[in-house]
Amino acid sequence: MNTHNKKIIDFVKKTKVVTSSEVAKYLVISWNTADKYLLELVLEGKLERIKKAGVNVWIIK
752 MNTHNKKIID
762 FVKKTKVVTS
772 SEVAKYLVIS
782 WNTADKYLLE
792 LVLEGKLERI
802 KKAGVNVWII
812 K
């Protein structure tokens, strides 16, 4: 697991629910890059994506 993914996991554990935009601001990266990292974590089975009111939210699985 790379450092970005570890930081994302720690951030999600603290806040419980995050959006791609929140992760992008936290890591100072683009929204697209944040979304890519979050999807990688979903594929690894570490996060779960939930679509709520047209927005993707991410939680620890």
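The sequence shown runs 752 to 812 under my numbering. C-beta: ideal position from N, C-alpha, C; glycine also. This one's a predicted model, so the numbers in the text were calculated from it and none came from an experiment.
Contact under 7 angstroms by Cβ, residue i with residue j
| i | j | result |
| --- | --- | --- |
| Val808 | Thr770 | yes |
| Gly763 | Ile811 | The sequence as given places Val at residue 763; Gly does not occur at that position. Cβ distance < 7 angstroms, so Val763 and Ile811 count as in contact. |
| Leu789 | Asn756 | no |
| Val774 | Ile760 | no |
Residue i burial status per 10 Å Cβ neighbour count (16 or more: buried)
| i | result |
| --- | --- |
| Leu794 | exposed |
According to DSSP, residues forming a beta bridge with residue i
| i | result |
| --- | --- |
| Asn807 | Lys802 |
| Val768 | Ile810 |
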